[in-house]
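Count along the sequence shown starting at 1, add 113, and that's the number in our numbering.
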Amino acid sequence: MKNKWIIVISIVLVLFVVVGVYFWGKPVSPVAGVQPENVETIEIFDGNTGRDATITKEEDMEYIIDNLSSVTMKRIGISLFRSGYQYRVTIEMKNGGSKQFIINSKVDVRKDPFFYQVYEGEIDCDYIEEILREQNKAETENGNE
Numbered sequence: 114m115k116n117k118w119i120i121v122i123s124i125v126l127v128l129f130v131v132v133g134v135y136f137w138g139k140p141v142s143p144v145a146g147v148q149p150e151n152v153e154t155i156e157i158f159d160g161n162t163g164r165d166a167t168i169t170k171e172e173d174m175e176y177i178i179d180n181l182s183s184v185t186m187k188r189i190g191i192s193l194f195r196s197g198y199q200y201r202v203t204i205e206m207k208n209g210g211s212k213q214f215i216i217n218s219k220v221d222v223r224k225d226p227f228f229y230q231v232y233e234g235e236i237d238c239d240y241i242e243e244i245l246r247e248q249n250k251a252e253t254e255n256g257n258e
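Structure representation (C-alpha cells):
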C-alpha cells in the first residue's frame, strides 16, 4: 500500500514538472488578445525621467499594439519584489478592462510575476520615446507642466 502511494505521488510530480516546463517555454505577448480598435488609451510613464504620456491618437495606438504583437517573447525569470523600469505601459480598453506591463528595453519586458525576453522582433522604444518627448514638449509650451 505504501509503495502504491509513492508511485502515485511520483507520477503526479512528473506530470506537474512536464506541464510547468511546457508553459514556461511557451511564447507569449504582453498584448495577447488586444485589438487596436478596442483600445481607449495607452498610458506610458518613463521611470527614468518621470515624463508621462496619454496616447489617444488611433494611429499611435495601432502602431504600438501592432509592434508589441509582432514580437515573440519567452519567460526568463521571476520578477517578484523587483523595482525600477524604463516604461510602465497601461492599456485601457473600451470595455473597461486594462493591461499593464513594464518595458525595460527593446528586448526585455516585465509582467509580474515574470521577466520576458524578446527572441523574435524588437520593441520600438524609439517610437515610445518620441511620443513622450512630443507630449511633454507640448505641455511645457502650453504652461501645463
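The beta carbon of each residue, even a glycine, is placed where N, CA and C say it ideally should be.
The structure presented is a predicted model; accordingly, all values stated were derived computationally and were not measured.
In the structure shown, Glu-254 adopts helical secondary structure according to DSSP, grouped into three states. Here Ile-178 is buried, its C-beta having at least 16 other C-beta atoms within 10 Å.
A Cβ-Cβ distance of about 5 angstroms is found for the pair Asp-225 and Ser-192, placing them in contact under the 8 angstroms criterion.
For the pair Gln-230 and Thr-154, the Cα-to-Cα distance works out to about 25 angstroms. By the C-beta density criterion, Tyr-232 is exposed, having fewer than 16 other C-beta atoms within 10 angstroms. Look at the beta carbons and you see the stretch 178 to 189 touching the stretch 233 to 251: at least three pairs across the two are nearer than 8 angstroms.
In the DSSP assignment, Tyr-176 falls within the unbroken alpha helix (DSSP H) covering 171 to 183.
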